[in-house]
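Novice: Numbering (this note's numbering) for the sequence shown: 970 to 1231. Each residue gets a CB set at the ideal place from its N, CA and C atoms; glycine is no exception.
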Amino acid sequence: MLKILGLFFLILLSGSILNHSIIQNRTIKIPSIITFIVFVFLSLPLIEKYNNLNIAINLLLLTLIYTQIISFHESTSPKKKILKSGFFLGLMSLINTDFFLFFLLIFFTLIYYNQISWRHLSVLLIGVIYPWLIYYSLHFINFNLQLDIYNNHSLKEENIYHFQDNFIHLFVTLIILTLSLKELSINFYKKSEQAKKAFNVLFVLAFLILFHLMLFQSLTILYFLIVPFTIIVSNYLIYIKSKKIQTFLLGLLLISFMFKFL
970 MLKILGLFFL ILLSGSILNH SIIQNRTIKI PSIITFIVFV FLSLPLIEKY NNLNIAINLL
1030 LLTLIYTQII SFHESTSPKK KILKSGFFLG LMSLINTDFF LFFLLIFFTL IYYNQISWRH
1090 LSVLLIGVIY PWLIYYSLHF INFNLQLDIY NNHSLKEENI YHFQDNFIHL FVTLIILTLS
1150 LKELSINFYK KSEQAKKAFN VLFVLAFLIL FHLMLFQSLT ILYFLIVPFT IIVSNYLIYI
1210 KSKKIQTFLL GLLLISFMFK FL
């Protein structure tokens, strides 16, 4: 019970952080709590099926990385945000070294936001290395800290079962996502340059996740797609003129998850 409460708290925290960042950076111009709601609804299968705090922690850390890197434009020298994004990546890599993949995301964003320099790369590497230094320091003084907590084989099996068990929820999510992508492609030109960049970084994130899937034939990080899916779907729902349709689609997303319990 405590683990489920912990999972739910971490998901609520991740959703709140993402929602705040989207509003603060004006990725979606209209302030709304819908981003938070969609994030929670898409994350519900993680609570019901996996019951794994590691997944919720990873999702929180990736959310924190994204919210930091889309803010690189805020300063001519965003060292603090670069350091934080590196630190969060370092924490993720302690759990699973596969997550070093997202170093490419941060590196791309530095180039994309014209913040690439040897000094900024050094700050990023310091952020990545810092959690490892803490870990090995604790290990050196014989502090027993187990971080090899990912079992890729069993997690892959759980993911397959997850797709089968939540087919309706997945089907509804993909339909709404398709509508959202269509709307985004039509109206993308209307967005500010800042918002366009945030979405382009999001697309790179989704590409890296899918690239990992195709390259390693592994589903272990597929749940990270919750972050890009949330923002794309929220963008669609927020700009829908009819509140009835907006409410209907949100309700459909929730009911599609609860359907298997009926």
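Whole-angstrom Cβ separation of Val1007 and Phe1077, contact assumed at under 8 Å?
Specialist: Not really, about 25 Å apart at Cβ, beyond 8 Å.
Novice: Can you name the start and end residues of the alpha helix (DSSP H) that Phe1185 belongs to?
Specialist: Start and end: Glu1162 to Phe1185.
Novice: When the cut-off is 8 Å and only beta carbons count, does Leu1143 lie next to chain C?
Specialist: The structure shown has no chain C; it contains just one protein chain.
Novice: By DSSP, does Gln1084 sit in helix, in strand, or in coil?
Specialist: Coil at Gln1084, not helix or strand.
Novice: Have a look at Leu1070 and His1181 and give me their C-alpha separation to the nearest angstrom.
Specialist: When rounded, the distance between both Cα atoms is 8 Å.
Novice: Can you tell me whether Asn1120 is buried or exposed? The criterion is at least 16 other CB atoms within 10 Å of its CB, across all chains shown.
Specialist: Its pLDDT being 45, under 50, Asn1120 is placed unreliably by the model, and the measurement read from it follows with that caveat. With fewer than 16 other Cβ atoms within 10 Å, it is exposed.
Novice: Closer than 7 Å by C-beta to Tyr1035: which residues in its own chain qualify, once you throw out the five before and the five after it? Chain order, please.
Specialist: Answer for Tyr1035: Leu1174 and Val1196, listed in chain order.
Novice: Where does the unbroken alpha helix (DSSP H) through Glu1043 begin, and where does it stop?
Specialist: No alpha helix (DSSP H) contains Glu1043, which DSSP labels as neither H nor E.
Novice: Alpha carbon to alpha carbon, how far is Leu1219 from Tyr1104? Give it in angstroms, no decimals.
Specialist: Taking the straight line joining both Cα atoms gives about 42 Å.
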